[in-house]
Structure formats: structure tokens, C-alpha cells
Amino acid sequence: MEEHRHIHAAEHDHTRSHDGHAGHHHEGHDVMHRHDRTTTSPIGQIDADRVAPSSAGPRAGTVYTCPMHPEIRQDRPGNCPICGMTLEPMVPELGDEENPELEDFQRRFWWTLPLTVAAFILAMFGHRYGWMDAPQQSWIELALSTPVVLWAGYPFFKRCAQSFMHRSPNMWTLIGLGAGAAYLYSVIATIAPGAFPQTFAEHGRIGVYFEAAAVIISLTLVGQLLELKARSQTSAAIKSLLGLAPKTARRVNADGTEADVPLADVHVGDRLRVRPGEKVPTDGIVIEGASSVDESMITGEPIPVTKRVGDHVIGATMNTAGSLIIESEKVGSETVLSQIVQLVAQAQRSKAPMQRMADKVAGGFVVAVVAIAVLTFFAWGLFGPQPSWVYGLINAVAVLIIACPCALGLATPMSIMVASGKGATNGILFRDAAAIENLRKVDTLVVDKTGTLTQGKPAFERSLGANGFDASEVLRLAASLDQGSEHPLAAAIVEAAKARGLSLQNAQDFESSSGIGVRGSVGGKRLALGNAVLMEQERVDATALAQSADELRTRGASVMYLAADGMLAGLLAVSDPVKPTTVEALAQFKDKGIRVVMATGDGTATAKAVAQSLGITEFHGEVRPADKLALVTRLQSEGRTVAMAGDGINDAPALAKADVGIAMGTGTDVAMNSAQVTLLKGDLRGIARARALSEATIGNMKQNLGFAFVYNALGVPLAAGVLYSTTGLLLSPMIAALAMSLSSVSVVSNALRLRRASI
Numbered sequence: 001m002e003e004h005r006h007i008h009a010a011e012h013d014h015t016r017s018h019d020g021h022a023g024h025h026h027e028g029h030d031v032m033h034r035h036d037r038t039t040t041s042p043i044g045q046i047d048a049d050r051v052a053p054s055s056a057g058p059r060a061g062t063v064y065t066c067p068m069h070p071e072i073r074q075d076r077p078g079n080c081p082i083c084g085m086t087l088e089p090m091v092p093e094l095g096d097e098e099n100p101e102l103e104d105f106q107r108r109f110w111w112t113l114p115l116t117v118a119a120f121i122l123a124m125f126g127h128r129y130g131w132m133d134a135p136q137q138s139w140i141e142l143a144l145s146t147p148v149v150l151w152a153g154y155p156f157f158k159r160c161a162q163s164f165m166h167r168s169p170n171m172w173t174l175i176g177l178g179a180g181a182a183y184l185y186s187v188i189a190t191i192a193p194g195a196f197p198q199t200f201a202e203h204g205r206i207g208v209y210f211e212a213a214a215v216i217i218s219l220t221l222v223g224q225l226l227e228l229k230a231r232s233q234t235s236a237a238i239k240s241l242l243g244l245a246p247k248t249a250r251r252v253n254a255d256g257t258e259a260d261v262p263l264a265d266v267h268v269g270d271r272l273r274v275r276p277g278e279k280v281p282t283d284g285i286v287i288e289g290a291s292s293v294d295e296s297m298i299t300g301e302p303i304p305v306t307k308r309v310g311d312h313v314i315g316a317t318m319n320t321a322g323s324l325i326i327e328s329e330k331v332g333s334e335t336v337l338s339q340i341v342q343l344v345a346q347a348q349r350s351k352a353p354m355q356r357m358a359d360k361v362a363g364g365f366v367v368a369v370v371a372i373a374v375l376t377f378f379a380w381g382l383f384g385p386q387p388s389w390v391y392g393l394i395n396a397v398a399v400l401i402i403a404c405p406c407a408l409g410l411a412t413p414m415s416i417m418v419a420s421g422k423g424a425t426n427g428i429l430f431r432d433a434a435a436i437e438n439l440r441k442v443d444t445l446v447v448d449k450t451g452t453l454t455q456g457k458p459a460f461e462r463s464l465g466a467n468g469f470d471a472s473e474v475l476r477l478a479a480s481l482d483q484g485s486e487h488p489l490a491a492a493i494v495e496a497a498k499a500r501g502l503s504l505q506n507a508q509d510f511e512s513s514s515g516i517g518v519r520g521s522v523g524g525k526r527l528a529l530g531n532a533v534l535m536e537q538e539r540v541d542a543t544a545l546a547q548s549a550d551e552l553r554t555r556g557a558s559v560m561y562l563a564a565d566g567m568l569a570g571l572l573a574v575s576d577p578v579k580p581t582t583v584e585a586l587a588q589f590k591d592k593g594i595r596v597v598m599a600t601g602d603g604t605a606t607a608k609a610v611a612q613s614l615g616i617t618e619f620h621g622e623v624r625p626a627d628k629l630a631l632v633t634r635l636q637s638e639g640r641t642v643a644m645a646g647d648g649i650n651d652a653p654a655l656a657k658a659d660v661g662i663a664m665g666t667g668t669d670v671a672m673n674s675a676q677v678t679l680l681k682g683d684l685r686g687i688a689r690a691r692a693l694s695e696a697t698i699g700n701m702k703q704n705l706g707f708a709f710v711y712n713a714l715g716v717p718l719a720a721g722v723l724y725s726t727t728g729l730l731l732s733p734m735i736a737a738l739a740m741s742l743s744s745v746s747v748v749s750n751a752l753r754l755r756r757a758s759i
């Protein structure tokens, strides 16, 4: 195998700076102080051979792989050394109008179809109506069938030869041996009829089966054409994703002029205008304007999301209302859309555990079929009715053809490919086939709190006044002081004050006290904002609001006291709101019998409050990354199949250890790199949908495998002639070829039904 280029998406894990506000609340910053919380991309690094998707022309460095054996990879087109199938690009191109193999097979089929029909008609009716003498008829059949077998069937015989060279028996081994044996026998019988005993003669000549060889080739071509067309539909999801990207972007130049440029010419740092009704050209940050952006094509969320200055936008989403100017942050293969495409392609090409079992069965199956064919030939030749050896040859050929394991080989890869595409269009990204197969087995779900159950972003809840200060004045003074801080809690307070139209003042003599709060002067008042420890240092009596503070903490809020000139002025509560979809998601888990365990690094009091409000009976607070890993390990040791859902760097070890790691698309890249499933919207309901898709996919795979096994279990004995003594039935090699082709098509068609599955 040749060396391939590995192109990796850059990992962007930004570490947010925290100032002395780290101690703003009583539990020692137990609610919101999450490390490395911010992220700009819902997709992390993808460790796979890949090339940035392009909508124009062939790509240099394209990696080709086998649909049935994804471990086969090379940098040029060719055939799989294991199964003989034509290799396909790992990531299809939007401009791929027709599969070259499909075009080649169509040409071979249509050019030789008249010859096959003529050979078939002559063989079936020539002797009956005496159109010509028998030896002459054999020569004409030879002339008609030779182009069909040698030219139209050349790809099949080439793959058959390669299967022997690679010592990897496969479907083409059986087809090549079957069609080749029928043709070579007939050629010898035509050229040297005297070499055969008279028991081989029928209708005045040594029996020939040119029409069988020709029809086998033509029907195999038909099956391949139908299969290739059906398989092409499995890449529809990727092509639809590629089609989302706009072709051009409107760049704002340094002198203020604007010009439309090809998307390939956009670079990081370029300023781009996005007008109403246009698609966002690439991932970026809004630097001017406000609008609502429809992100449903990426996240599946139907409600447009409001975007203002400082908000991130995703390439290929639709700007519905106002005009935006964005600064591009990621281009080419690093955009969210490109990485989604790569992740879907990677999942489609991965091999499920069930498929590995099918591969082992198929490998031994071919050898067994050849042995059965040889046994059939000699059994009929030695013990069958006359012409016994002719019967033996034809039945052996029928066994080889009908037992082709292509349906068995296609049974699971087709289901995986369709399921991965359907998941992507619903905001669910599977990293590999094992995740699809294992998710249905999950009976225990360990969930992080912040960013998973909750929004992961602090929001101002309320303020209370004391000693003559009203609630609005408490908020105004606290926000004025907090303008000098970048802490998330401070940002929530400042944002709330501005939203209420409060007039803020500049803070003087601002200082931070690590772990307890901040101090400074606003409007001539000396202020202190922080937890109870800070109040004790300032000798401020906070007992008047202690009961209210305790009540707010039991609801999961972070409480900060405000003192003005040495007197208690009031308190402020900031909380991390539960996601609107969390309650519904937990109800779905309960209905499915899934045990939910919450594990969070937040304080025990906060963890208890959130768990009780959501009806979660098992929770763990003040949990470190190592503790989450230990929790998952313990649950697995109890025989549980564990899924872990989280979004932070501290969740990564547990995500990697879990049977299925599920990352929120709104979280950090590290978390997503450690997980097997990514929910683009960060919506826990996606887990229920992903599990439903897993169940539907496994059901579909079992149907395909069952059909393939039953088909061969019935077809091989029938072709061998075991029913001949009781029914007088024998299976023609031509009928066997038709049945073989239709079996593959039926498996692919059944897999495509997954696109209509309800999840």
C-alpha cells in the first residue's frame, strides 16, 4: 500500500482568561468556572486520510477505497485486492456526474446484448426448427458469444485472475470459473468434437453452452449496472452537503470597495459581506451588523439563530434578514461543512463488528462453494443419468454462479453508508460504524451538567437590594464595577444591565482578589463584589440576605454579595439555565429504560439542585476528569453498556473510555475528538434520535444478512441438483446468474429504505 497524504484539521481549543472574578460565588466558583470552555467549531480534528472537498474537477491526492473493505486505500483508481470491486474516492466530488465503471459496463452491455440475444435464440430454437446443420450452428454460436465472453466479460475474468494472484477468493472467482468453464468446454467441443465420447452428444452434435456463458456475462453486467446505480445513491448525503457551499463570496477590500470572488480565493482574515438571502461563504465572526441565520442545513435546528457582533457563523448557512460583515476564520478543509463531509465519509467507510463477521464467513464460503461445485461435477458425472458429465458440468457452473457472495459482502456496508448520511442530515455525526452498531445497546448514560444539560453560559437571574438600595441600583453598580472583568459571570451581569438600559459608570481603583471577588470605586462609592469570604474581609454583615442567598443556591444559582462603603447593598444571582430540550430528552431516556447519571465538576449543592429539578436521582458533584473516568469504568465493570455525553476538555477521558462517547457540537474540539458521536446542535434529544437510527440500521443489516444467507442456503442445493431425484428440477446457469444479480440489487435497495426511517 502506498503512502498517502494525511491532512488534519487544525485544532482550535481556545483557553479563556479568567481574572480575579474566579471567586465570585460562594461555592468557590463551582458553577461556571469551566476551563477551556470556548470553541468556535462544532467539529474537531478528524484523523483520516482526506482532501478538502471541491466542486470543480478531479482532485490531486484523492484517496481511493473499497466500499466493502475500507482498510484498502490507494492514491489511484483500481480494483480491491480482496473482493475485486472497483475502488471509489473516499469523499465523492460534487462534479462526479457518472461513475467511470458504470459508463464502461453500460458500453460493454449494450454493445454485446444483441449478440447474447442472438446466441440465446439460436441455441434454444435452432435445432428445433432446423435452421442449419448442428456443427455449423456450434460455430455460429461460438462467433456470437466470443465477443460477449472475452470483451464484455473481460473485467470479470481479470478480477477472477487477481483473486488467485492475491489468494483472496471472492465473487469474481466464482463468476470467472463458472462462465469460463462453460465457454472453454464449448470451444473444445466445437473445435475438437472427436475428443468427447458419444454420450456427450445431443441433437447431432457435442452439447455446447455458449449461450449460457454469454447470458451469464450479460446478466452479471445487468446486476452490476443496477448495483452501481443504487450504490451511487448512498453518496447523496455527502453530495447534498457539498452542494450547500456557495460558489462565490463578496469580499470587502481595504479601500471599502466590494467584489465577488471565487470561494477558493477567500483567505483567513478577509472581510466578507453577507446580504439578505445569501449563504454565509465560510466560517467567521460577525464584525458588523445583525441578522437571523438559518443553520438548519448544518444543525437541523429549524428556528433561525440571531447573530450579532462577536457571534460566530458557519459557512453554507443562510442569512435570512439583515446584512452582515464577517471576518473569515476558517477556510477550505478547516470549515465546519468540510469537516462534516470528512466525518460522514469516514463513518461510511468504516467497518462494523457485524461486517467483520460477514467478511470471515464470505472468505470461507467461496472456498466451500468451489469444493461443492467440484463435488457436484463428479457426483453427476459418476452417478447421474446420461449425458452425466454434461449434467455435471452445467450443475457445477450453476453452483458457482448462484453462490456468488456479493449480496453477503454488501449487506452491512450499504446500511452503514445510508445510515451515516441520514444521521448527518439530522445533525448527528457518527465517527465510525461501531458507534452506529453499539449505540442501540446502551443502557446507562453518564451526562455532564454544564453545556450538556444546561446552556453552558451564565445568565443573570435576579438582584435583591438591602439598606435602601433597590434591585436596579444593585445591578447597575455591580455591572459598572464588572466592566473591568472578562469573567463569564461578570459578562452576564454587564450584559443584563445593558439590556435593561441602565447607565453604567467607569470603575476606579479596580482590583481583583483571587477566589473571592473584586473591589473598586464607582461614582464615589467604594464597592466590593464577591462571596461571603469577601464580605467577612470587608467586615460587612450579610446575614440580612443569607436566607435568600441559600434559597437561590438550592436552585443552582451562583450568588454574589455587593457592599457599598462598608454596608451591604444587596446580592446578585447568576445561573446556568437548563436547556429547553433537556427535560424532553430525559423523558425519552426514561421511556427507553436508560439509566441517567449526572457527573459534574460543580459543587455538590449546585449538582443536587439541578439534578432534583430534572428528576435525576443519581448524581455526583465536585467530580474531576479522573473521577468521571473512574465512574464510567465502574459502571462498565457492573456489566453496563455506558454512553458518556459531555462537551468539555475535562470530559475527554470519560468520552474515550465509554462504550459510546457522545460530544456536544457546541463544546470543545478535544471533547469531539474523543467521542464517537457528535450532536451538532448540542441537543440531548439527538441521542434518542441517534439510538433510534442505530436500532433501524442494525435491523436493516440483519435483514440483509439474513436474506443473503437464506438465498445461498436455498440456491446452492437447488443448483447442485439435490432435488432432481424427487422433483426433476435443475437450475439453469442462466437463471442462476439472474438470481445472483437480483440478490445484490435487493440488498442495496433494502439498505436505501433507511433513508425513509423515522427517527
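With full-length UniProt numbering, letter number 7 in the sequence shown gets 7, and the count goes up by one each step, no holes.
Backbone N, C-alpha and C define an ideal beta-carbon position, used for all residues, glycine too.
With distances taken between CB atoms, is the gap from Thr600 to Asp683 smaller than 7 angstroms?
-> Counted from its first residue, the sequence shown places residue 600 at position 600. Counted from its first residue, the sequence shown places residue 683 at position 683. Cβ atoms of Thr600 and Asp683: not closer than 7 angstroms.
Glu440 versus Val336: straight-line alpha-carbon distance, rounded = Here residue 440 is taken as the residue at index 440 of the sequence shown, counted from 1. Here residue 336 is taken as the residue at index 336 of the sequence shown, counted from 1. One point to set straight first is that residue 440 is Arg, not Glu, in the sequence displayed. Rounded to the nearest angstrom, the two C-alpha atoms are 27 angstroms apart.
Between Ala134 and Arg205, what straight-line distance do the alpha-carbon atoms span, to the nearest angstrom?
-> For the purposes of this step, residue 134 is identified with residue 134 of the sequence shown, where counting begins at 1. For the purposes of this step, residue 205 is identified with residue 205 of the sequence shown, where counting begins at 1. About 6 angstroms.
Reference Ala569; option with closest CA among Asn99, Leu718, Asp541 and Asp311 | What you label residue 569 is simply residue 569 of the sequence shown in a count that begins at 1. It is Asp541.
Euclidean distance between Cα positions of Val629 and Ala654 | Position 629 of the sequence shown, counted from the first residue, corresponds to residue 629. Position 654 of the sequence shown, counted from the first residue, corresponds to residue 654. A quick correction: the sequence has Leu, not Val, at residue 629. The straight-line gap from Cα to Cα measures roughly 4 angstroms.
Is there contact here, the region 110-127 with the region 180-192, by at least three beta-carbon pairs under 8 angstroms?
-> no
Kindly list the residues whose CB is nearer than 6 angstroms to the CB of Ala373, restricted to its own chain and excluding five residues on each side of it in sequence; keep chain order.
-> Walking along the sequence shown from the start, residue 373 turns up at place 373. Around Ala373: Ala396, Val399 and Leu400.
Residue ranges of each beta strand (DSSP E) within the UniProt domain "P-type ATPase A" (244-344), 3 or longer = 248-252, 258-262, 271-274, 283-289, 291-294, 305-307 and 324-330
Sort out for me which residues DSSP pairs Gln224 with in a bridge.
-> In the sequence shown, the residue the question calls residue 224 occupies position 224. Answer is none; Gln224 lacks a bridge partner.
Bridge partner(s) assigned by DSSP for Leu562 = As a first step, residue 562 is located in the sequence shown; it is residue number 562 there, counting from the start. Beta-bridge pairing links Leu562 to Leu529 and Gly570.
CA-CA distance, Ala507 and Asn253?
-> If you number the sequence shown from 1, residue 507 lands on position 507. If you number the sequence shown from 1, residue 253 lands on position 253. Approximately 38 angstroms, taken between the alpha carbons.
In chain order, what residues of the same chain lie with their CB nearer than 7 angstroms to the CB of Val418, ignoring the 5 residues before and after it?
-> Position 418 of the sequence shown holds residue 418. Excluding sequence neighbours, Val418 sits near Thr234, Ala751, Leu752, Leu754 and Arg755.
Give the single residue among Arg251, Ser415, Leu142 and Val148 whose Cα lies nearest to the Cα of Ile698.
-> In the sequence shown, counting from the first residue as 1, residue 698 sits at position 698. Checked all of Arg251, Ser415, Leu142 and Val148; the closest Cα to Ile698 is Ser415.
What residues are listed by DSSP as bridge partners for Arg462?
-> For this step, residue 462 is matched to residue 462 along the sequence shown. Answer by DSSP bridge pairing, in chain order: Ala573.
Residues bridged to Gln74 [DSSP beta-bridge criterion] | Translated into the one-based positions of the sequence shown, residue 74 becomes position 74. Looking at the DSSP assignment, Gln74 forms a beta bridge with Tyr64.
Between the CA atoms of Gln74 and Thr726 - distance to the nearest angstrom = Numbered from its first residue, the sequence shown carries residue 726 at position 726. Numbered from its first residue, the sequence shown carries residue 74 at position 74. Straight-line Cα distance between these residues: approximately 52 angstroms.
Can you give the beta carbon distance from Val215 to Thr116, rounded, assuming they're within the 8 angstroms contact cut?
-> Residue mapping note: residue 215 aligns to position 215 of the sequence shown, counting from 1. Residue mapping note: residue 116 aligns to position 116 of the sequence shown, counting from 1. Confirmed, about 6 angstroms.
According to the neighbour-count rule (16 or more other Cβ atoms, all chains shown, within 10 Å of its Cβ), is Asn704 buried or exposed?
-> Within the sequence shown, residue 704 is the residue found at index 704, counting from 1. Asn704 should be labelled buried.
Cutoff 8 angstroms; reference Arg691; Cβ partners in own chain excluding five residues on either side = In the sequence shown, the residue the question calls residue 691 occupies position 691. Closer than 8 angstroms at the Cβ level, and outside the excluded window around Arg691, lie Leu439, Arg440, Val442 and Lys592.
How many angstroms separate the CA atom of Leu631 from the CA atom of Gly639?
-> One-based indexing of the sequence shown puts residue 631 at position 631. One-based indexing of the sequence shown puts residue 639 at position 639. Cα to Cα, the separation comes out at about 13 angstroms.
Please confirm whether Pro169 and Val367 have their CB atoms less than 7 angstroms apart.
-> Start at 1 with the first residue of the sequence shown, and residue 169 comes out as number 169. Start at 1 with the first residue of the sequence shown, and residue 367 comes out as number 367. Taking 7 angstroms as the Cβ cut-off, Pro169 and Val367 qualify as a contacting pair.
Coil, strand or helix - Gly427 by DSSP | Here residue 427 is taken as the residue at index 427 of the sequence shown, counted from 1. Three-state result, Gly427: coil.
Out of Leu562, Thr633 and Val474, point me to the one whose CA is closest to Gly517's CA.
-> Here residue 517 corresponds to residue number 517 of the sequence shown, with the count starting at 1. If we check each option's Cα against that of Gly517, Leu562 comes out closest.
Return the CA-CA distance between Ala609 and Ser558, expressed in angstroms with no decimal places.
-> To locate residue 609, count along the sequence shown from 1; it is residue 609. To locate residue 558, count along the sequence shown from 1; it is residue 558. Their backbone Cα atoms lie some 12 angstroms apart in a straight line.
Between the C-alpha atoms of Ala143 and Leu723, what's the straight-line distance to the nearest angstrom?
-> Counting from 1 along the sequence shown, the entry for residue 143 is found at position 143. Counting from 1 along the sequence shown, the entry for residue 723 is found at position 723. If I take the Cα positions, the gap works out to 35 angstroms.
Taking DSSP as the reference, what is the three-state secondary structure of Leu679?
-> If you number the sequence shown from 1, residue 679 lands on position 679. Reduced to three states, the DSSP call for Leu679 is strand.
Residue 776 lies in the beta strand (DSSP E); which residues open and close that run?
-> With the chain covering 1 to 759 only, the question about residue 776 has no answer from this structure.
For Gly153, I'd like the list of residues in its chain whose CB is within less than 7 angstroms of its CB, leaving aside the five on either flank, ordered along the chain.
-> Translated into the one-based positions of the sequence shown, residue 153 becomes position 153. Around Gly153: Ala179 and Ile217.
In the DSSP assignment, what residue or residues form a beta bridge with Glu536?
-> Indexing the sequence shown from 1 puts residue 536 at position 536. In the DSSP output, where bridge partners are listed per residue, Glu536 has none listed.
Assigned secondary structure, Thr116 (DSSP; H/G/I helix, E/B strand, else coil) = Here residue 116 corresponds to residue number 116 of the sequence shown, with the count starting at 1. DSSP places Thr116 in helix when its eight states are reduced to three.
Range of the contiguous beta strand (DSSP E) that encloses Ser503 | The residue given as residue 503 occupies position 503 in the sequence shown. First-last for Ser503: undefined, no H or E at that position.
Through-space distance from Leu534 to Ala656, alpha-carbon basis | On the sequence shown, residue 656 is found 656 positions in, with the first residue counted as 1. On the sequence shown, residue 534 is found 534 positions in, with the first residue counted as 1. Their backbone Cα atoms lie some 40 angstroms apart in a straight line.
Short check: CB of Thr454 to CB of Asp576, under 7 angstroms?
-> Position 454 of the sequence shown, counting from 1, holds the residue named residue 454. Position 576 of the sequence shown, counting from 1, holds the residue named residue 576. Contact: yes.
Ile428 versus Ser292, Val261 and Val677, residue with shortest Cα-Cα distance | Counting from one through the sequence shown, the residue named residue 428 turns up at place 428. It is Val677.
Taking C-alpha atoms, which residue in Gln588, Asn319, Arg271 and Val266 lies nearest to Asp290?
-> Along the sequence shown, one-based indexing puts residue 290 at 290. Just to set this straight, residue 290 is Ala in the shown sequence, not Asp. Among Gln588, Asn319, Arg271 and Val266, the Cα nearest to that of Ala290 belongs to Asn319.
So, Leu552 versus Ala573, is the Cβ gap smaller than 7 angstroms?
-> Stepping through the sequence shown from its first residue, residue 552 is reached at position 552. Stepping through the sequence shown from its first residue, residue 573 is reached at position 573. In contact: Leu552 and Ala573 (Cβ atoms closer than 7 angstroms).
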